[in-house]
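**Q** Protein sequences appear in the order of chains A and B. For the first sequence, the numbering used here gives the first residue as 33, with consecutive numbering after it. For the second sequence, the numbering used here gives the first residue as 2, with consecutive numbering after it. Even for Gly, the Cβ is constructed at its ideal location relative to N, Cα and C. I have a structure here, written as structure tokens, and I will follow up with some questions on it.
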Amino acid sequence: EPEVTQTPSHQVTQMGQEVILRCVPISNHLYFYWYRQILGQKVEFLVSFYNNEISEKSEIFDDQFSVERPDGSNFTLKIRSTKLEDSAMYFCASSGLFETQYFGPGTRLLVL
Amino acid sequence: SQKIEQNSEALNIQEGKTATLTCNYTNYSPAYLQWYRQDPGRGPVFLLLIRENEKEKRKERLKVTFDTTLKQSLFHITASQPADSATYLCALPHASKIIFGSGTRLSIRP
Chain A
33 EPEVTQTPSH QVTQMGQEVI LRCVPISNHL YFYWYRQILG QKVEFLVSFY
83 NNEISEKSEI FDDQFSVERP DGSNFTLKIR STKLEDSAMY FCASSGLFET
133 QYFGPGTRLL VL
Chain B
2 SQKIEQNSEA LNIQEGKTAT LTCNYTNYSP AYLQWYRQDP GRGPVFLLLI
52 RENEKEKRKE RLKVTFDTTL KQSLFHITAS QPADSATYLC ALPHASKIIF
102 GSGTRLSIRP
């Protein structure tokens, strides 16, 4: 069964450094998303992406964040200058139609 | 603004019993509602989707109801097993995203 994959599974970085989180969505899906989950809290929406542009973004998704689909398979989330409060689990998701979203296993980001 | 409440943070039941989880929402009229399962350190896994014109949906031991008048969904797991232990998330669509509830952590004791 096709699945969403994410790399790396864990990332440790110093405050102020740039990180890129990578995702390979399910191959025939058209909609792509990033969510995050701070430890012990709910899953929060960051951004949705369709047809090579952002469809919607949350208040969390400020100028330090960007997304890109550099080729036909990868979908990346970049955090330009990480802050301590960016430490969280980051989930990529994709969907064919607008309904069911399929989530990857996540990247655990720790900012020191 | 839209609000989703899963009124039990944790639920602990005996194996073999039926687990019932509740999801309430306000300021919202969703076309459908979804339930996901999340295991520790893992991503949410889609379980069921129920549309506003459906009262009930079943999948194996899972049953979901959707009452748009009460603005409530109930999620049932019958003949519960220890392997059903996880956090269950109610989720509603809004524009191009999903809004998740905070989840109910279900523990099934043998």
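#1: Is B:Leu-50 near B:Tyr-29, with beta carbons less than 8 Å apart?
#2: Just checking my contact of A:Gln-38 with A:Arg-54 at CB under 8 Å: how many whole Å lie between their CB atoms?
#3: Would you mind stating whether A:Ser-90 and A:Leu-78 have Cβ atoms separated by less than 8 Å?
#4: When the Cβ atoms of the segment 98-108 of chain B are set against those of the segment 5-25 of chain B, are three or more pairs found closer than 8 Å?
#5: By Cβ distance below 7 Å, which residues in the same chain neighbour A:Lys-115 in space, the five residues on each side in sequence not counted?
#6: Determine whether the beta carbon atoms of B:Ile-25 and B:Arg-110 lie at a separation below 8 Å.
#7: In whole angstroms, what separates the C-alpha of A:Asn-106 from that of B:Lys-18?
#8: Could you tell me the distance, in whole angstroms, from the CA atom of A:Thr-59 to the CA atom of A:Pro-34?
#9: Buried or exposed for A:Pro-57, please, with buried defined as at least 16 other CB atoms from any protein chain shown within 10 angstroms of its CB.
#10: For the beta strand (DSSP E) containing A:Met-121, name the first residue and the last one.
#11: Note down, in chain order, each residue of its chain lying with its Cβ closer than 6 Å to the Cβ of A:Val-75, except the 5 sequence neighbours on either side.
#12: Can you tell me which of A:Gly-136, A:Glu-117, A:Asp-94, A:Leu-109 puts its alpha carbon nearest to the alpha carbon of A:Phe-81?
**A** So, from the data block:
#1: Between B:Leu-50 and B:Tyr-29, the C-beta gap is not smaller than 8 Å, which leaves the two residues out of contact.
#2: Indeed, because the Cβ distance is near 7 Å, the residues count as touching under 8 Å.
#3: In this structure, A:Leu-78 lies closer than 8 Å to A:Ser-90 by Cβ.
#4: Cβ pair count under 8 Å is three or more, so yes.
#5: Same-chain partners within the cutoff: Met-47, Val-143.
#6: Before going further, note that residue 25 of chain B is Asn rather than Ile in the sequence given. No, Cβ-Cβ distance for B:Asn-25 and B:Arg-110 is not below 8 Å.
#7: Each residue's alpha carbon lies about 44 Å from the other.
#8: At residue 59 of chain A the sequence reads Ser, which differs from the Thr that was named. Approximately 8 Å, taken between the alpha carbons.
#9: Classification for A:Pro-57: buried.
#10: From DSSP, the beta strand (DSSP E) with A:Met-121 extends over 120-127.
#11: Only residues of its own chain outside the window of five on either side were considered, and among them Tyr-67, Gln-69 have a CB closer than 6 Å to the CB of A:Val-75, listed in chain order.
#12: The shortest C-alpha separation from A:Phe-81 is found at A:Leu-109.
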